[in-house]
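Numbering (my numbering), first residue to last: 150 to 514. Ideal Cβ positions, reconstructed from N, Cα and C, are used throughout, including at glycine. This report concerns only the one structure given below.
Following this line, the structure appears as C-alpha cells:
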C-alpha cells in the first residue's frame, strides 16, 4: 500500500510540470522555446568571440589565409592547368601576390611622397578656415573652441599608446602576417587533398551534404572576395579620378584608403569618403569639399545600385540591415580585423546552413 502511494506521488511530481507546460497558451510555449534557443545560440557565439579575442593573432591569420586562398584560387588553378606541380604553383601564386602589394606600395609612395609637406601647410590653412567658419556660424566663441581643443588634446595625450604595448602589437601583427603566408602556402598546395581526406571520413547522406555545403561555402567565399576586390577597385578608381580632377592632394593614397575601405561593406566606404572630403576641405576649401561629396555619393550610388548586383549576383545574399549588424558586431569583438572578416563569415555561414537544410528537407511527394 505504501509502495502504491509513493508511486502515485512520484507520478504527480513528474506530471505536474508537464501539466503546467501543457496548460500554457501556445504563443507562450513558442516564445519560451525560441527564447531558450536564442540564449543557447548567443551564448555559443559569445564564447566563440571570446576565444577568438584570446587567440586574436591566430584567428586573424586563419581568416586572412582563407580569404586570400579563395581570392587566389583561380590563379592557382590556371597554373595547375599548365601542369605546374602543386608546391611551385602555390609558391608562384604567393610571390605574385607579394609582388603586386609591394609594387603598389612603392608606386604610391614615389608618386605622393613630395605632397606630404605641402599637405601639412594646407591642413593648417584649412583648419584656420574651419575655425573661422565654426566661430562665425555657430554660437561658439574662440575661448570655448580653444578649451574644447585643449581638452581633446589632453584626452589624446592621456590615451597615448604604451611603447611596450605598441611593440608587442607590432610583433603580433608581424607574426600573424608570417603565419598567414605559411598557412596560405600549405592551403593552396594541399587544400583540396585535405578536404578529400575529411570527406572520406564520412558516410551516407552526411557525406553528400557536407561535400555540397563545402563547395557552396568555398564558392561563396571566392565570389565575395573577388567581387569585393573588383567593386573596391572601381570605387577607388572613380573617387581617385574625381580627386585628381579637383586638384586634391594625395589623391592616390586616398584612393588606396577607399580601396581598403571597400572590404568593409557600407561603413568602410563611408569612412573612406569622409576622409577624402576632410582632406579636400583642408586643402582646397569648402567648394572643392562639396564637389568631393558629390563625387563620392555618385560613385557609391552607382556601385551600390548597379555594379554590386551585377558582380555579386546571388552568391552573397545578405540584407543591408544584416550587414550593418554583422559589421558592428565584428568591430566590437575584434576591431578593424573583425569588421573585415565579419561579412564573409556571415555570408559563408548562411549559405552552408541553407545548403544543409535543403539536403535535410523531405522530398516533395
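Does DSSP put residue 299 in a helix, in a strand, or in coil? helix
Would you please state the rounded distance, in angstroms, between the beta carbons of residue 384 and residue 448? I believe it to be under 8 angstroms. 6 angstroms
By alpha-carbon positions, which one of 497, 387, 226, 501 ends up nearest to residue 216? 497
I think residue 441 touches residue 392, with their Cβ atoms under 8 angstroms apart; what is that distance to the nearest whole Å? 7 angstroms
Considering only C-alpha positions, which residue in the set 363, 508, 427 is nearest to residue 354? 508
Using the Cβ count rule (16 or more neighbours within 10 Å means buried), how would you classify residue 258? exposed
With the cut-off set at 8 angstroms, would you say residue 239 and residue 334 are in Cβ contact? yes
Run through DSSP, which three-state label would residue 497 get? Reduced to three states, the DSSP call for residue 497 is helix.
Could you check whether the segment 217-225 touches the segment 354-364, counting it as contact only if at least three pairs of C-beta atoms, one from each stretch, sit closer than 8 angstroms? no
Taking the beta carbon of residue 426 as the centre, do at least 16 other beta carbons fall within 10 Å, making it buried, or is it exposed? buried
Where do the N-terminal and C-terminal ends of the alpha helix (DSSP H) with residue 378 fall, by residue? 354-394
Mark residue 398 as exposed unless 16 or more other C-beta atoms lie within 10 angstroms of its C-beta, in which case mark it buried. buried
Buried versus exposed, by CB contacts within 10 Å (16 or more), residue 180: exposed
Grouping DSSP H, G and I as helix and E and B as strand, with all else coil, what is residue 309? Its pLDDT being 47, under 50, residue 309 is placed unreliably by the model, and nothing is read from it.
Under 8 angstroms between the Cβ atoms of residue 431 and residue 411? Cβ distance not < 8 angstroms, so residue 431 and residue 411 don't count as in contact.
Closest Cα partner of residue 487 within the set 421, 182, 201, 184: Taking only the C-alpha atoms, the option nearest residue 487 is 201.
Test item: CB-CB of residue 406 and residue 424 under 8 angstroms: yes
8 angstroms contact criterion, which residue 338 and residue 212 should meet: CB distance rounded: Not confirmed; about 19 angstroms, so no contact.
For residue 435, report the span of its alpha helix (DSSP H) as first-last. 435-451
Under 8 angstroms between C-beta atoms of residue 374 and residue 210: no
Distance cutoff 8 angstroms, beta carbons only. Does residue 507 sit that close to anything in chain C? Considering every chain present, this structure includes no chain C. It has just one protein chain.
Does DSSP put residue 231 in a helix, a strand or coil? coil
Compare the beta carbon distance of residue 438 and residue 444 with 8 angstroms and say whether it is the shorter of the two. no
Would residue 515 and residue 245 qualify as a contact pair, given that the criterion is a beta-carbon distance under 8 angstroms? With the chain covering 150 to 514 only, the question about residue 515 has no answer from this structure.
With a 10 Å radius around its C-beta and 16 neighbouring C-beta atoms as the bar for buried, classify residue 396 as buried or exposed. exposed
Can you tell me whether residue 343 is helix, strand or coil according to DSSP? helix
C-beta atoms of residue 490 and residue 479 nearer than 8 angstroms: yes
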